[in-house]
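End of the sequence shown sits at 445 in this note's numbering; the numbers just go up one at a time, nothing left out.
Cβ atoms here follow ideal geometry from the backbone N, Cα and C, with glycine treated the same way.
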Amino acid sequence: MVALYHTNRTIFKLTGSDTLSFLQGIMTNDSETLAEKEILYTVMLTSTGRFHFEYFLYQGDTKGAVYLDTPTIFAGDLLKRLRLFKLRSDVTIEDISDHAHVVTYHDIPPPSDSFAFQDPRHLNLGYRGLIFGDRPKEGKGTYKEDESYYTQLCLKNCIPRAGFELLPEKTIPLEANLEELNALCFTKGCYLGQELTARTKHQGMVRKKLYPVFIEGDVSHEMIQGGLTIYDGDRKIGVLLSHEKGIGIAKIRLEDVNSDDKETPKTWQGIVKGAKIECCKITHSPSKEPPK
154 MVALYHTNRT IFKLTGSDTL SFLQGIMTND SETLAEKEIL YTVMLTSTGR FHFEYFLYQG
214 DTKGAVYLDT PTIFAGDLLK RLRLFKLRSD VTIEDISDHA HVVTYHDIPP PSDSFAFQDP
274 RHLNLGYRGL IFGDRPKEGK GTYKEDESYY TQLCLKNCIP RAGFELLPEK TIPLEANLEE
334 LNALCFTKGC YLGQELTART KHQGMVRKKL YPVFIEGDVS HEMIQGGLTI YDGDRKIGVL
394 LSHEKGIGIA KIRLEDVNSD DKETPKTWQG IVKGAKIECC KITHSPSKEP PK
């Protein structure tokens, strides 16, 4: 079994009689299902329906308690937003990251006494949960800190991550496969950014999606940050958003991916923005479709 602990996550504990109703109005998933499912993956949107924050929710061990697991790099801004929307709600938000830690289990189920659940985004991501107390010790047969392994797992399964494929105030949730990853609920009541999201879905306005791709050539993170465009001949069809060890995630126009040929891989040119010079070959294989 591969058991990882993730030092790049922050844990908040929310308590109070209004916790679930408070979360319901600011997140895309249905907080009322947390007691049944025990873990939820969700995002918070801007008022214009763009991605803002991502996090997991866990049903707490005491009545009214909810644990929130989010990337540390965005945790400070998320906390400010939570406090801004809290107003007079009976909700207390506490950072417990000094004695709560995110762990994931791969290959086989976690120990029976662990606080861990099947990752709601994709079966291939294994189990996700929290451990309380001191940080896990690294060593043989115990937890390991290996973000490279987890990054490869996410890229292979086309799982977008905050700050990489999920860009704050830019990414449209339906283009980022967030419905397929069980982050969106279209049967709950109103929430921040709902109007644009619902209209995009029901009017069939999604023109691009995220796809896993294979990359052949020299690509740096600086190139991606500066803009690495995907071309099919003279036509711009998408952008490369991330890569690691020859695997990446790209946002590509649906019409350029969908075709009658479901077996032959498609290869395009990767062009660095401004340079107009091909730096890599980018291939999408129909057998490597995004989550469904």
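Checklist entry - Under a three-way DSSP split, which group does S265 fall into? => result Note: S265 maps to coil in three-state DSSP.
Checklist entry - Using DSSP with H/G/I as helix, E/B as strand and the rest coil, what is Y302? => result The three-state reading of DSSP puts Y302 in helix, counting H, G and I together.
Checklist entry - Which stretch, first to last residue, makes up the beta strand (DSSP E) that contains H396? => result From DSSP, the beta strand (DSSP E) with H396 extends over 388 to 397.
Item to check | DSSP beta-bridge partners of D248 | outcome: Bridge partners of D248: F165.
Item to check | Range covered by the beta strand (DSSP E) that runs through R274 | outcome: Per DSSP, R274 belongs to no beta strand (DSSP E) and is neither H nor E.
Checklist entry - What are the complete alpha helix (DSSP H) segments, minimum 4 residues, inside the region 337 to 372? => result Whole alpha helix (DSSP H) segments, 4+ residues: 347 to 355.
Checklist entry - Do L308 and I368 have their C-beta atoms closer together than 7 Å? => result Taking C-beta atoms as the reference points, L308 and I368 fail to come closer than 7 Å.
Checklist entry - Roughly how far, in whole angstroms, is the beta-carbon of L210 from the beta-carbon of L187, given that I think they are within contact range, below 8 Å? => result Indeed, because the Cβ distance is near 6 Å, the residues count as touching under 8 Å.
Checklist entry - Between C338 and the rest of its own chain, which residues show a CB-CB distance below 7 Å, the 5 nearest in sequence each way excluded? => result So the list reads T181, N182, D183, once near-sequence residues are dropped.
Item to check | Pairwise C-alpha distance: K441 and A156 | outcome: Each residue's CA atom was taken as its position, placing A156 and K441 some 26 Å apart.
Checklist entry - For P439, which option in S395, G427, D409, E431 has the closest C-alpha, if you only look at C-alpha atoms? => result Selected option, being the one with the closest Cα: D409.
Checklist entry - Within 10 angstroms of its Cβ, does M358 collect 16 or more other Cβ (buried), or is it exposed? => result Under this definition M358 is an exposed residue.
Checklist entry - Assuming L204 and T223 make a contact with CB atoms under 8 Å, what is their CB distance in whole Å? => result In the sequence as displayed, the identity of residue 204 is Phe instead of Leu. 13 Å between Cβ atoms; not a contact.
Item to check | Proximity of L221 and F165 at Cβ, strictly below 7 Å | outcome: Against a cut-off of 7 Å, the Cβ pair of F165 and L221 comes out as a contact.
Item to check | Rounded Cβ spacing between K341 and Q177 (contact assumed at less than 8 Å) | outcome: That pair is a contact at about 7 Å.
Item to check | Identity of the residue in F270, D171, D385, M197 nearest L240 by Cα | outcome: Answer by Cα proximity: D171.
Item to check | Secondary structure of E431, DSSP reduced to three states | outcome: Here E431 sits in strand by DSSP.
Item to check | Pick from D287, H275, T245 that is closest to V255, judged by C-alpha positions | outcome: Relative to V255, the option among D287, H275, T245 whose CA is nearest is D287.
Item to check | Euclidean distance between Cα positions of K429 and A269 | outcome: Cα-Cα distance, rounded: 48 Å.
Next on the checklist: Quick check: the Cα distance between C432 and H275, rounded to an integer number of angstroms?
Outcome noted: If you take the alpha carbons of C432 and H275, they lie about 32 Å apart.
Item to check | I226 burial status per 10 Å Cβ neighbour count (16 or more: buried) | outcome: Counting Cβ neighbours within 10 Å, I226 comes out exposed, since fewer than 16 surround it.
Checklist entry - What is the DSSP secondary structure of M180, reduced to helix, strand or coil? => result DSSP places M180 in coil when its eight states are reduced to three.
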